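The structure under discussion appears below in the form of structure tokens.
Number of protein chains: 2
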Amino acid sequence: MKTETTIHGLAASLNPARHAKKLIGFVPTMGNLHEGHLNLVREAKKICDLVVVSIFVNPTQFGPNEDFDNYPRTLDQDSHLLADVGCDIVFAPAVEQMFAKEPRKTNIQVTEITQGLCGHARPGHFDGVALIVTKLFNIVQPNYAFFGQKDFQQLVIVQQLVRDLNMPLEVIGVPTTRAEDGLALSSRNGYLTVEERALAPQIYASLNHAKVFLEQGEALKDILEKMKNDLTTSGFEIDYVEARTPELETVLHFDQDIVLFVAARLGKTRLIDNLRVNVPT
Amino acid sequence: MKTETTIHGLAASLNPARHAKKLIGFVPTMGNLHEGHLNLVREAKKICDLVVVSIFVNPTQFGPNEDFDNYPRTLDQDSHLLADVGCDIVFAPAVEQMFAKEPRKTNIQVTEITQGLCGHARPGHFDGVALIVTKLFNIVQPNYAFFGQKDFQQLVIVQQLVRDLNMPLEVIGVPTTRAEDGLALSSRNGYLTVEERALAPQIYASLNHAKVFLEQGEALKDILEKMKNDLTTSGFEIDYVEARTPELETVLHFDQDIVLFVAARLGKTRLIDNLRVNVPT
Numbered sequence: 138m139k140t141e142t143t144i145h146g147l148a149a150s151l152n153p154a155r156h157a158k159k160l161i162g163f164v165p166t167m168g169n170l171h172e173g174h175l176n177l178v179r180e181a182k183k184i185c186d187l188v189v190v191s192i193f194v195n196p197t198q199f200g201p202n203e204d205f206d207n208y209p210r211t212l213d214q215d216s217h218l219l220a221d222v223g224c225d226i227v228f229a230p231a232v233e234q235m236f237a238k239e240p241r242k243t244n245i246q247v248t249e250i251t252q253g254l255c256g257h258a259r260p261g262h263f264d265g266v267a268l269i270v271t272k273l274f275n276i277v278q279p280n281y282a283f284f285g286q287k288d289f290q291q292l293v294i295v296q297q298l299v300r301d302l303n304m305p306l307e308v309i310g311v312p313t314t315r316a317e318d319g320l321a322l323s324s325r326n327g328y329l330t331v332e333e334r335a336l337a338p339q340i341y342a343s344l345n346h347a348k349v350f351l352e353q354g355e356a357l358k359d360i361l362e363k364m365k366n367d368l369t370t371s372g373f374e375i376d377y378v379e380a381r382t383p384e385l386e387t388v389l390h391f392d393q394d395i396v397l398f399v400a401a402r403l404g405k406t407r408l409i410d411n412l413r414v415n416v417p418t
Numbered sequence: 138m139k140t141e142t143t144i145h146g147l148a149a150s151l152n153p154a155r156h157a158k159k160l161i162g163f164v165p166t167m168g169n170l171h172e173g174h175l176n177l178v179r180e181a182k183k184i185c186d187l188v189v190v191s192i193f194v195n196p197t198q199f200g201p202n203e204d205f206d207n208y209p210r211t212l213d214q215d216s217h218l219l220a221d222v223g224c225d226i227v228f229a230p231a232v233e234q235m236f237a238k239e240p241r242k243t244n245i246q247v248t249e250i251t252q253g254l255c256g257h258a259r260p261g262h263f264d265g266v267a268l269i270v271t272k273l274f275n276i277v278q279p280n281y282a283f284f285g286q287k288d289f290q291q292l293v294i295v296q297q298l299v300r301d302l303n304m305p306l307e308v309i310g311v312p313t314t315r316a317e318d319g320l321a322l323s324s325r326n327g328y329l330t331v332e333e334r335a336l337a338p339q340i341y342a343s344l345n346h347a348k349v350f351l352e353q354g355e356a357l358k359d360i361l362e363k364m365k366n367d368l369t370t371s372g373f374e375i376d377y378v379e380a381r382t383p384e385l386e387t388v389l390h391f392d393q394d395i396v397l398f399v400a401a402r403l404g405k406t407r408l409i410d411n412l413r414v415n416v417p418t
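Heads up: the sequence lines are chains A and B, in that order.
First residue of the first sequence: 138, per our numbering; consecutive thereafter.
First residue of the second sequence: 138, per our numbering; consecutive thereafter.
Structure (structure tokens):
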């Protein structure tokens, strides 16, 4: 496995493979890797000849009061994990590589589907994601890019971005990797105290209960209300509990396939999860 | 010369060349071609193995009261001209190819340098340019793209866009092609009456006089004022007469290299031109 820290070095490593028509897979990450990331790499290995993983904590997707400075940087450990799952190239640029000294003047906005859900609590977050993803796609020029379904809104936004700008690649969503007790794996889980960690699986449990109730015919509105109440009672501070279509359009009734979304805080840690519920056929 | 009207067809035509490591040059146009466009193709031929010219009248860069519907579409004539200068592939997509039925949600903005000059009279114009250029670059994936210096602000904006988004290509500015009397070639010159056509070269003459006065030490502010007065007296309706740095920053004095810009109307036709003036060394 090679590690490249410059755009120039990465191009030099990738161009021979590109010219040999190898299929290039790309997994963008912010490092501090867990099994969820490694499963993205494993999926990429299945259909690509060569897999690039980027490790870059992107300043433009953090808000002023968010955890950019404290976000864990664990490159050595991440590199070992990536080598074990067959990653071919790690791209770990410094901030100066990705954002040159000369002031940037270009912004990318994805409208509508960036509003609400995580777009509400994190203003500007998805503009930062759209920008860095576009830059990384142009630098890596992959055939396929892999994103986790845990960040479902991000996945749909990136797919829209790629479609709207005719980017020459396919974005693949990979099912969420979970701990045995159901908690969606996330780098931020490391912030949880032991007590909080014991409570955290209730988010996924709540989503699954909601699914059962929906399939039994209970009203969507009542179910969302019940989820909020139950999680609040358990000690979560609710950010949102919401249903959308898989294209992120608002939905009032369970008369089509939907995705249930939860974002909630335990102490200082913000957790998100989601579950798709298909209308019975 | 091949003509492709679909994104899929263009990819099929280009991929063998791309895999053979041919250098691909790209000249985006709105058709109604003149010697200025043909010179872009000639420049492209000098350094590229294969040249693609797109002909697409882009609805997103026209304002509601502009000439989108009446903009001349002359594909047959354009194709003959392009074949004569050695263009390899004409890409002439329908609007539905470039803008699918599904609503677009992604916008690109280049800030600061899109303000003022043509950005003032044509609000939203450069957002439309940034979007279509990004889409076309992603579709064609050229090594080099060629733009005329006549649209100097557009050239600088596209260069900024490419740099900010790390697009894997180089943007090359080609000097303005002029009629014998100095008028910058433009598709819109065809709108001029005989009388207007006789007056039109005064724009370039005015720029050249200004250059001489600057080099003689006259104050920039006075010169710009004189240009406005003279052109107005001659029958032009001034949109702007302005000086900027070559990076499009505002400039008050001729203490560095500058570009002089003119936009003015003759009847219903809006003409633009510019001239670089370097500080004497």
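Positions of the beta carbon are idealized from the N, C-alpha and C atoms, including for glycine.
On a predicted model such as this, the values are computed, not experimentally measured, just so you know.
Report the residue from the options whose alpha carbon sits nearest the alpha carbon of residue i.
{"i": "A:I211", "options": "A:G168, A:I360, A:V190 and A:F391", "result": "A quick correction: the sequence has Thr, not Ile, at residue 211 of chain A. Cα-wise, what sits closest to A:T211 is A:G168."}
{"i": "A:E384", "options": "A:D394, A:Y377, A:I375 and A:D376", "result": "A:D394"}
{"i": "A:H346", "options": "A:V414, A:V295, A:L268 and A:Q290", "result": "A:V414"}
{"i": "B:P312", "options": "B:L357, B:V388, B:L292 and B:N244", "result": "B:L292"}
{"i": "A:D410", "options": "A:P305, A:A321, A:G173 and A:D225", "result": "A:A321"}
{"i": "A:L389", "options": "A:Q339, A:I360 and A:L151", "result": "A:I360"}
{"i": "A:L408", "options": "A:K183, A:A258 and A:T197", "result": "A:A258"}
{"i": "A:H174", "options": "A:I161, A:A149, A:C224 and A:I144", "result": "A:C224"}
{"i": "B:R325", "options": "B:G354, B:E203 and B:V349", "result": "B:E203"}
{"i": "A:V135", "options": "B:S150, B:N244, B:F391 and B:P201", "result": "Here chain A has residues from 138 to 418 only, and residue 135 of chain A is not among them."}
{"i": "B:F236", "options": "B:I144, B:H156, B:V308 and B:K363", "result": "B:I144"}
{"i": "B:D264", "options": "B:L306, B:N275 and B:P196", "result": "B:P196"}
Below 7 Å CB to CB, which residues in the same chain sit around residue i once its five sequence neighbours on both sides are set aside?
{"i": "A:E239", "result": "none"}
{"i": "B:R179", "result": "V222"}
{"i": "B:I375", "result": "K365, L368, T369 and A401"}
{"i": "B:N303", "result": "none"}
Decide if residue i is buried, meaning its Cβ has at least 16 other Cβ atoms within 10 Å, or exposed.
{"i": "B:V416", "result": "exposed"}
{"i": "B:K287", "result": "buried"}
{"i": "A:Q252", "result": "exposed"}
{"i": "A:P279", "result": "buried"}
{"i": "B:G310", "result": "buried"}
{"i": "B:V232", "result": "exposed"}
{"i": "B:T382", "result": "exposed"}
{"i": "A:T271", "result": "buried"}
{"i": "B:P153", "result": "exposed"}
{"i": "B:T248", "result": "exposed"}
{"i": "B:V164", "result": "buried"}
{"i": "B:T418", "result": "exposed"}
{"i": "A:P230", "result": "buried"}
{"i": "B:N213", "result": "According to the sequence provided, residue 213 of chain B is Asp. The question's Asn does not apply to it. Its Cβ having fewer than 16 others within 10 Å, B:D213 is exposed."}
{"i": "A:V331", "result": "exposed"}
Quick check: what's the CA-CA separation for residue i versus residue j?
{"i": "A:T166", "j": "B:L268", "result": "27 Å"}
{"i": "B:V190", "j": "B:G372", "result": "36 Å"}
{"i": "B:E386", "j": "B:D186", "result": "36 Å"}
{"i": "A:S343", "j": "A:V266", "result": "28 Å"}
{"i": "B:G473", "j": "B:E333", "result": "There is simply no residue 473 of chain B to check, as chain B begins at 138 and stops at 418 in what is shown."}
{"i": "A:K139", "j": "A:H217", "result": "12 Å"}
{"i": "B:E317", "j": "B:V295", "result": "29 Å"}
{"i": "B:L351", "j": "B:L273", "result": "40 Å"}
{"i": "B:N176", "j": "B:Y281", "result": "15 Å"}
{"i": "A:I184", "j": "A:E172", "result": "19 Å"}
{"i": "B:I161", "j": "A:K242", "result": "27 Å"}
{"i": "A:Q297", "j": "B:R315", "result": "42 Å"}
{"i": "A:I340", "j": "A:L412", "result": "10 Å"}
{"i": "B:A149", "j": "A:V188", "result": "25 Å"}
{"i": "B:K159", "j": "B:F284", "result": "21 Å"}
{"i": "A:E355", "j": "A:G256", "result": "28 Å"}
Which same chain residues end up closer than 6 Å to residue i when comparing Cβ atoms and leaving out the 5 residues on each side of it in sequence?
{"i": "A:V194", "result": "M167 and Y208"}
{"i": "B:L147", "result": "E141 and F228"}
{"i": "A:F199", "result": "F205"}
{"i": "A:H262", "result": "Q198"}
Kindly identify the DSSP beta-bridge partner or partners of residue i.
{"i": "A:P240", "result": "DSSP output for A:P240 lists no bridge partner at all."}
{"i": "A:I375", "result": "A:A401"}
{"i": "B:E307", "result": "B:Y281"}
{"i": "A:I226", "result": "A:K139 and A:V189"}
{"i": "A:V293", "result": "Its beta-bridge partners do not exist; DSSP assigns none."}
Sorted by chain position, which residues of the same chain lie with C-beta nearer than 8 Å to residue i's C-beta, five sequence neighbours on each side aside?
{"i": "B:L329", "result": "A337, L403, G404 and T406"}
{"i": "A:L254", "result": "Q290, Y377, E379, R381, L385, F398 and A400"}
{"i": "B:L89", "result": "Since the first and last residues shown for chain B are 138 and 418, residue 89 of chain B lies out of range."}
{"i": "A:P260", "result": "G200"}
{"i": "A:Q234", "result": "T142, T143 and I144"}
{"i": "B:R155", "result": "I161 and Q278"}
Where the segment 287-312 of chain A meets chain E: residues whose CB sits under 7 Å from a CB there
In the displayed structure, chain E is absent; the protein chains listed are A and B.
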